[in-house]
Structures are given as C-alpha cells and as structure tokens.
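The listed protein sequences correspond, in order, to chains A and B.
The numbering used here puts the first residue of the first sequence at 1, with every later residue one more than the last.
The numbering used here puts the first residue of the second sequence at 1001, with every later residue one more than the last.
Each residue gets a CB set at the ideal place from its N, CA and C atoms; glycine is no exception.
I have placed the structure first, in the form of structure tokens, so that the comments after it can refer back to it.
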Amino acid sequence: MPDMLTAEPFLGGYTLDLGDVAVAEVTDISIVSIAMPLGGGDALANAVQAAWGCALPAPRGTSVSSDGSVTLIFSTPDQTLAILPGVDGLAVTDVAAKLGDVGYYTEQTDNWVGLRASGAKSISALERICPLDLASMSVGGAERTVMEHLGVFIMREDDERFLLLSGSSSAKSFLHAVELSMRNVT
Amino acid sequence: MTQSNRIAGGLVDRSKQLSFTFNNKSMTGYEGDTLASALLANGQRLVGRSFKYHRPRGIFSAGSEEPNAMVHLRRGAAQEPNTRATVAELFNGLEATSQNHRGSLEFDLMSVTDLASPFLSAGFYYKTFMWPKKFWEKLYEPAIRASAGLGRLSMQEDPDSYDKGFLHCDMLIIGAGPAGLMAALTAGRAGARVILADEDHLMGGRLNAETLSVDDQEGSAWAAAAAAELDAMPNVRLMTRTSVYGAYDHGVYGALERMTDHVPTSGGKPRQVLWRIYTKRAILTAGATERSIAFPMNDRPGVMLAGSVRTYVNRYGVAPGKKVAVFTNNDDGWRTATDLHAAGVSIAAVIDSREITPLAAIPGALILMGASVASTSGYLGLKSIATSSGVKIETDCLAVSGGWSPNVHLTCHQRGRPTWRDDIGAFVPGGDLPIGMHVAGAGNGSLALASSLKEGANVSASVASDLGFAATAAFPSAEDQSTDITPFWHVEGKGRAWIDLQNDVTVKDVKQSQAEGFRSVEHLKRYTTLGMATDQGKTSNVLGLAIMAEATGKSIPETGTTIFRPPYSPVPIGALAGRARGKDFRPFRLTPSHKWAETHGADFVEAGAWLRAQWFRKGSEKGWRDSVDREVEATRGSVGICDVTTLGKIDIQGRDAAAFLNKVYANGFAKLAVGKVRYGLMMREDGIVMDDGTTARLRENHFIMTTTTANAGPVFRHMEFARQCLWPGMDVHLISTTDGWAQFAVAGPNARNLLSKIVDMDISNEAFPFMACAETTVCGGTPARLFRISFSGELAFEIAVPARYGDAMMTKLMEAGEEFDATPYGTEALGVMRIEKGHAAGNELTGQTTANNLGLGKMVSKKKDSIGNKLSERPEMNREDDLRLVGFKPVDTSKPLAAGAHFVDNGKEAVTKNDLGWMTSVAYSPELGHSIGLGFLKKGDQRKGDKLRAVDLLRGGEVKVEVVSPHMIDPEGERLRA
C-alpha cells in the first residue's frame, strides 16, 4: 500500500509579526457546513445542544460549545459553519456521526484559508479593506463580507484578534491584501 | 533669496528653517509655511502663467480655492502638476517649478497670445476652427492643446503607492473651523463616535488666520486647546489633511487623506488614502470662501483676496506686499487693513465701494468711500492702481474683498439647490440637503464668529440628541464681528476684467455669451468655461452669475447656479485606483498543482481569476504547438494528467435534491442511480443554454454538480435563486466546494493502470464502469472522490482529494505514472481533444445558443418541466434551417483554419446576405494530421460532405472546408467505455 498523502497548508503556515499587528495562517482547524432541513430547525437545534451544549448561532454571531472546542458561525438563515479542531482527512464524517440525521453536512475545510489578524493595530489595518464597522463588532461576533473582491467570513475572537476565512484558491491574494494593509499602518 | 517679506508673529515655527527651490532658485521658509506663504516671504509674487492668455499670475488666495498659483511639485516620476501652492506644505528640499510657459517664467514666448486677446473671447474656437473638418483632430486640436493648458504629467509611472479604506461614525463633521470644533466638542463630550475632518494640517480654520478672541484667548490658541481635548477623546477621530470631497447616497462620504505630501518621501507607505466614510449623520461646517470684484486688469500678481492677505500676515508672519491697498464692498475687508496696520504693514489706501462712514482710521492710508478700482499697472507684478475717480495709488499688493460665499458644495451633491440671502449677498444651503446632513457656521451663512460657534454647538447637540446621546450645547465667549455688505460685482472700464482667473474668463466673455443667446447658466458655463477649471470656480462662480444676472436683467436667484458635483477639490487618479495596480489589480486563484506546474515548465493562462497551465514546455521544444501536440499524443497514446480543479463544484443536498435537479436541468435527473454520473444541460428561463456539466449522485439525497469554470458563480447564483425564490418549499441546500477539492483528469488508455496503483478500490470496467462515481480513499487512507467521466474522449477518470493534498496528489500521480510515461497536459491540449470529440465549450456556449444549435435538442425532456423548457419551444428557436454545430476540416489538409471565419457557399460573395454561420473553435489534431474546427452552420446537420468557403474578413484569408461530423475521433465512444 502506498504512503498516505501529506497535506500542505495553502500559505505554507505563513506568519508575520510587525509589532503592533501580526498575521498568521490558521492551519489547525476543520470546517464543516451544517444545513438545516426545511422544517427541521428544532431537531437540529436539539442535536447541537445535546452534542456540543450550545445553541445554534444568531445572525451576525457565533456560538461556542461548552468545552470550547467547537465554534458555530451563522452563515445563512438555514446554514451554519462549524469550526472544529483540525483532523487529517475529512471532519464531516465525525460531525455527521455526532449530530445524526438532522442536518446536511458538507466538508468545507479546504474551501477556506484561515488568517488570524491580531495586535493593537488590527482594526487600523483591516479598515483598509473591510467595509464593516469592526470597532462596533462584539467579541464573538461574526459577519460575512467582501474584502478586495474576495468573499470573507470575519469573526472577532478577542478585542484585538480576528479570524478571517476566505477562499483557499485565492489565498495568496487574500494574504497580500491583509499583509499590505498591515504594512501600510505600521 | 532672503525672506524679505517675513514679519513678526504667526504660527510658523521659526526654530525650524526649511530650504526649498522655486524654478531652481534656493529659498528658505519655516515649518508651518505653505509653499505660497514661503514664496511670498521671499518676495516671489510671480508664480505662473494663465491658461489661455499666458498672463503672468501670482498667489490669489491662501487655501484650497486657489485659481492661480499652480506649480509642478517635486521632480522626475514624482512630479505632480497643478499643485496649489497655497495648500502645499513646505518641507525641507521641496522643489517647485512654474508651469504653462515656453521660455522662462518672466519671458514666456507664448505670452504673444495675450496680444491677440481681442480675438480670443468666448466661443472663439468654435467659430474659428470649423473648416475644413479634416483639420479638426490633426491640426487644430494639437495646436490648441500645445498653446493652452496647465501643468504637464511626468509621463512616468507614479512611484508612490495609494490606499483606500472604510470608516464608520455617528457623526462626521466636515471642517474644523469654529463651528466644526464646537460641533465636535459637543458631540464628542456626549459620547458620540465622531470624525472631524479638515483639509488643513492645523485644526481651527479661520481662527488661525484672524486676530479674534475666544474665551479671552487668541482664536488659534483656543482652537489648539479644543483640538487637544478632542484628540484625548477615544470616541473622536481627528483627520487633518483630509478633504471630504463628496456626499453620496445613504450617508456615505468620500474623503481624501494626504498622508505624506508634507514630507520629502513617503517611505514606502501610501502617499494618500481614499476613505469611504459611513455616517449616521454629518454636519457640514465647511466655512466660506471669499470672492473677488471684477475690475479692469484685476489679474496681476499682487492682486489678492483680502481675507487671504490677512491670513498670510496673521498665520504665517508674511506681508504679501510692502504697501498694501484694500478694495472692499463689505466690513470684513476693513479687517485686513486694521490687522495689517497692527502688524506693522503699511496701508496705502482703503477703497470701499459703499457710501458709508469709514469703519476705521488708518494712519497713512488714503480712505476712499464710494470708490472703486478702475485700472492697474505692472506687467509682472502690481505697481499701482487707479480709482474710478482717477486717483493713482502706488501699491504692490491689492487686497480685494467682494464678500464671502458659504461653501455649499456638499449640500448640493445630490442635486440640492442653494438659496440666495440678500443680507449677506450669497447663496446658502437650501432645504433639500442630502439625508442626514446638517449645516452650521459660516457655511450656513453665519459668517460672524460668535454666531458660528453657537450654531456649531446647537446643531451638534440637536443631532447628537436625535441619535440618543445626552448632549448639551455650551458656548465659549466670543464676539460677532461685523460682516455687513452691499453687493458690488464689477467695475466698468477699459480693459479686461477677470472673473475666472484659472480659465481666463472675463466680464466680456460672460456678456458675449448672453448676447449670443446662451440664456441658461449651464450654457454660460460651457460656452465660456466659467468655473470648469481644476478649482471648479470656487472664487468665481457667484461673481460670474451676478454679472450674467446683470446682463439678463434678472436677479441672481432667478439666474441660479450650475450643478455642484463631486469632487469638491481634485482627487488624484492614483488615489482613486488605490492599491489596485499591477498584478494586484484583482485577485487571482491558483490551482492545487500550481506550484508543481511552475517547476515543470508550465505556461499559465488567465481563465477568469484562475491561472491555469496551458501547456508544459519540455526539453528543446521551441513553440507552444510542439508542447501541445506532444501532450495530446501522449494522452491519446498512453496517459495524461490535467488539473481540472477550476471546474465549479456545487454540493447539493436535501430531501428534494433530485427533484430540484430535475427542474434545473433540461434532461432527466430524477432517476439517476446512486453511484452514477450524468451529463446535464442547463438552460436559462428564456430557453437559451446556460451551462453544461456532469452531476454525480453520491447518496440518495446528496449530489455533486460540476459546472464550467466560467459559469461556476453564475450557476450557483441561478440555483440559489431557483431554490429561494422559485421553489422555497423544496428541501434543497447548496454550498460551493470548488476550492475544497483538488481534482485531476487522468485520461488515456493507461489511465486505469495508473490509478489502480493509487486508488484503494477496484476500478475495473466491471466494478467501476463508464459514468460511475464513488467516495473512496487513495494511498491507503487519504479521502478521495472518483468519477469515471471523460472530456477528452479517452478512457478517463477524474480523481479528487481535499485541496490541501493536491500538490502531493499531483506528485503521486506522476510518480505512479512514470512507467506509463504519464504526461501532464494543459488547457490547450484539453481544447484540442474536446474539439476532436465535438464537445461544446465557452466558444459554443455563448449565451445565444439553443440546445438545437448545439445538436442537443433531444436532451430537452418533454416528460417534465424544467427551467427554460417552455420558452425553448418558441418557433424561431426551432427553425429547421437554423444553425447546427458541425465539424470542419480543410479541403487542402495542409491549410490551417481560423476561428471567427464565416461560411459562404462556393461561388457566393462573402457578404452578410450569404452568411451561413461561423467557425467557433479550431485546433490542429495530431491524430488526424490536419487542422480541424467546430462551427455553427445553417442546416449544418444536413450538409455533411459539402464543401464551403471559410472566409476570414477580419484578418484576411480564405480556406475551403468540408463539413464533417463534430465527433471527429472515436465517434462511437468505444475508447471511453473501455
């Protein structure tokens, strides 16, 4: 039997620290989308509560599992993105097994490149490309927007820390946009 | 040069002397100077030549309204034309040169134009250069452009970078003069999120230019303290050097922040940032701009606005002249005389057009009431003036005040109209402001200081309260200075009287325009070019309107204003482009095997945002055809590998997923078995083909659709619309997985042999026949999806792994394929093989083709309804003599074919009425040994074997072609089922 394939992060695990602001590729997460069957909202919510001890997220928000390992991001009225600890292969199998036949699950891990922007100047940097009012975003808030023509999920993890998810095929362009913004304000 | 006109006082920092050059002459100034104040300090009155007549011109104002003092700033690639010396902050090493002259500034050879001025009035060009027509663009325009104009571009790439950004606030306050500072303090203290923007580097506006007191301190000191208080508030953002240039819909404002224009180099950081500011409310506190009075020969260097003369003395410690005269129609003009006298500058005369008691006694000054200036002398700089009663006065600086015009521009950016106020002789904002905008201070017509402060605070408190903040208005103590005015617009007399200094428009031009029938103010503007220069007529528009009103016998409000449009002041194109230049003009997408391809000779082509390998150069291959022919032969001969990740992938799940697909595809999908793939044809509502692709049924309620690369987004959008709007009752869920899976086509007779070494399942023809699909693993455990589909027409598979394993997968496929001489192939070889097979692609799916055109009419199932089904039945789309997709080969097989060539019957002329269709795609087929083509031909399905002319009228050339089946290789499909 041949050797299993080795995964390569989309940006090679890139990190940059400019002092007041830093960016790092996030390589230790898995992402699975959970779609809510028509008329099956309660069943899904109950399963999520039972499995992770949290509710489904509200619009513009996130919901964190009781053990802190899973974050659910509101993506559309009938869809949630689950951010889970990274695994080899597919995370969708585990999620489907955990929640059962109450939702439709799609592997999304490799659809996205994750960047973590942090530091005192993270908002100053991101306001160069992000049309949202980040200063008003609460910790735990998440929104979907467009930066430099690229679709992005942005989540405020802490006062000075944001998780950004954008399409993996355009990871280099997205990193360029974020990094240039950071260099322009430091 | 020494700073011969530098006097005591002002806000410049005399401990920091700066060196600069003007036309290569070395001069010095101080930190806090503008280029204009430093030039005046050095006695440099002449700074440029005028647009049309090449008249000598000096500095006219002290702010962004400047029409005259335009210079080239910096050198080489960084040279910027038309920079207003009045807003260019001085820095050490600044280099400025004058513009629009041939020869030296003092002896401009083009000033001969001035002698011909009697012939060059408004409309001259339109009347003179009418015949012959062929001279319009070849002779007249270049000649006129060469003689007229302003600065010149460096014609080199801009070495600076620019950026953009987004800001949010409760209240945007535009202008940091007395009203703006009070508005910001009031809102800021109440806790509102405030942005206070001002084009100056120093907050305070006119407070820095006047000798008025606020709270018993100098106005400038009060402004500095207010700015410091605001700066300490975390909820307030102070933006100096920032021009809010436009008011747009929904409370959005455009602003340009000049980050590094005041320092020698930008140090690699953006020179300017273009902001989009989202506001809940905005308060416009933009102040007012002084205007001139038109009198004969009023354009000489040394003739300046009175308030600006005062600015140079009070703020910069510079006397614009040794002996200054004042010409005014209002009380404010007198402040120039009294301030200058107090600063020790000699006043030659005060000439007031009003018959009133003089407002002040100024020792040594001639006071003339009810008088006006009727002429001036001094070619390169003012030497003397003469009044209408014949009194000649020696003076090197004439300070003119025709009154103050509130800066209403932003209130009118959404077609609001200002209203006229007789008491101040000016337009003020009308009632139809942009939604969310309020106005206060001089910009609202409250020209006096105490009123302005009070109005700023009151308006701000009201707006903040409206937003839910507990705001109270508190006012500092100040006086309302007198601003009485009796409008007086122009002085009759011999000689030209300028209205618009930048575009060289005179009173005569305005009157002539009226006499020639241009009744509307908009026509006046375009015929004379009044207010159309880079200053947009800030100092001239009201004056021009007043003179037009006089000429027509109408009032000024009846005459009206022209439309105000953004930008308020010029915005460099570089700033509008921002960072979007070069390869970062737009994002690009890379396939998972991009890195592998880069190191294996790939030549990339843009496919939308994607960069795809179009071929892989190998060894001594000289041209692209060598590579492509080899790749096709290797694939058809053994096995080839192509990264097809770019094809759109849409994950479709739900109880009604199959029924949904049955509705969006023209052909049947309801009964597709689990583990099977089907080719699908998708139509738009109008019955035109939208896209095609394959869809695999992984599980009962789980499908994976592939789309063409180009239509990945549009198909997703189309289906989201269908699911959300057409059939909201269906349980269907869509999500893109295009980026998530690295997908490779493995094609050729050895495809199965290669993949058998990697895939962890039986892929024999029996176990995994044509059009099968499976979720599986590769290399002993890496998750994968396998599809037995073929675009090349060979025995082929598409294997997908999570994208992060894509690079490793490509390497593994090549390793496993080494014994079969596996060959990577690019989009060109892919194109050759699909043309050989007669598969439609972008050239055929043009958004104008029907299923019948493509020869796929029978796929449109009539056993069910689907999007586009009904409208595809329209008779015109089912004509028997319509276009059909067929294949072509050259009769002389040594000849190449050309895409875009049109078909004409032999013996028929190549004209539209004989047009039978066109060639859509061509390629050289290594297997057939000649060029082949696909194309749409009228009744094509009935013309196999016919010979036609393929005429390429665009590039020239003609080839005789024979009509053949579009399926030129393996028409029975035996290979792909092997």
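Helix, strand or coil at residue i according to DSSP, with G and I counted as helix
i, result
"R1055 of chain B", "coil"
"N1082 of chain B", "strand"
"W112 of chain A", "strand"
"C1779 of chain B", "coil"
"A1008 of chain B", "coil"
"M155 of chain A", "strand"
"W1741 of chain B", "strand"
"L1976 of chain B", "coil"
"Q1653 of chain B", "strand"
"K1323 of chain B", "strand"
"M1070 of chain B", "strand"
Nearest-angstrom Cβ-Cβ length linking residue i and residue j, presumed shorter than 8 Å
i, j, result
"P1567 of chain B", "T1645 of chain B", "Not really, about 44 Å apart at Cβ, beyond 8 Å."
"G1063 of chain B", "T1086 of chain B", "6 Å"
"A1223 of chain B", "L1181 of chain B", "6 Å"
Under 9 Å between C-beta atoms of residue i and residue j
i, j, result
"V1961 of chain B", "A1978 of chain B", "no"
"L1883 of chain B", "T1849 of chain B", "yes"
"L84 of chain A", "S69 of chain A", "yes"
"E1633 of chain B", "P1926 of chain B", "yes"
"G1246 of chain B", "G1204 of chain B", "no"
"V1505 of chain B", "I1499 of chain B", "yes"
"Y1825 of chain B", "A7 of chain A", "no"
"A1343 of chain B", "V1313 of chain B", "yes"
"T1823 of chain B", "G1640 of chain B", "yes"
"S1763 of chain B", "K1812 of chain B", "Per the sequence shown, residue 1763 of chain B should be read as Ile rather than Ser. No; because the gap between Cβ atoms is not below 9 Å, this pair is not in contact."
"V1373 of chain B", "N1298 of chain B", "yes"
"F1797 of chain B", "N1753 of chain B", "no"
"N1667 of chain B", "G1675 of chain B", "no"
"V1963 of chain B", "V1886 of chain B", "yes"
"T1285 of chain B", "V1439 of chain B", "yes"
Chain B residues whose Cβ lies nearer than 7 Å to that of residue i
i, result
"S173 of chain A", "P1587, F1588"
"Y104 of chain A", "Q1653, G1654, H1733"
"N184 of chain A", "D1163, K1269, P1270"
Span separating the alpha-carbon of residue i from that of residue j
i, j, result
"R183 of chain A", "D158 of chain A", "22 Å"
"M1 of chain A", "G1748 of chain B", "Only weak support exists for where M1 of chain A lies, its pLDDT of 46 falling under 50; the value from the coordinates is given anyway. Approximately 24 Å, taken between the alpha carbons."
"A1899 of chain B", "T1737 of chain B", "34 Å"
"S169 of chain A", "I34 of chain A", "22 Å"
"R144 of chain A", "S1462 of chain B", "35 Å"
"T1357 of chain B", "M1369 of chain B", "8 Å"
"A1575 of chain B", "S30 of chain A", "39 Å"
"G1416 of chain B", "E1516 of chain B", "29 Å"
"A1122 of chain B", "N1541 of chain B", "16 Å"
"K1538 of chain B", "K1127 of chain B", "29 Å"
"E1700 of chain B", "T106 of chain A", "15 Å"
"S1037 of chain B", "V1318 of chain B", "7 Å"
"R1206 of chain B", "E1550 of chain B", "32 Å"
"V1732 of chain B", "V139 of chain A", "33 Å"
"D1692 of chain B", "L1647 of chain B", "11 Å"
"P9 of chain A", "F1604 of chain B", "22 Å"
"V1236 of chain B", "S1460 of chain B", "14 Å"
"A1722 of chain B", "L1734 of chain B", "11 Å"
Listed by chain order, chain A residues near residue i by CB distance under 7 Å
i, result
"T1782 of chain B", "M4, L5, G89"
"C1779 of chain B", "P2, D3, M4, L5"
Interface residues of chain B facing residue i [CB-CB closer than 8 Å]
i, result
"G167 of chain A", "R1589, D1739"
"E35 of chain A", "Contrary to the premise, residue 35 of chain A reads as Ala rather than Glu in this sequence. Near A35 of chain A (Cβ distances below 8 Å), the residues of chain B are Q1653, G1654, H1733, I1735."
Contact list for residue i against chain A, beta-carbon separation under 9 Å
i, result
"A1658 of chain B", "Result: empty, since nearest Cβ-Cβ is about 14 Å, beyond 9 Å."
"M1809 of chain B", "L5"
Interface partners of residue i on chain A, CB under 8 Å
i, result
"A1255 of chain B", "Within chain A, no residue comes near A1255 of chain B; the closest Cβ sits about 13 Å away, beyond 8 Å."
Interface partners of residue i on chain B, CB under 9 Å
i, result
"E148 of chain A", "R1579, A1580, D1584, R1586, P1587"
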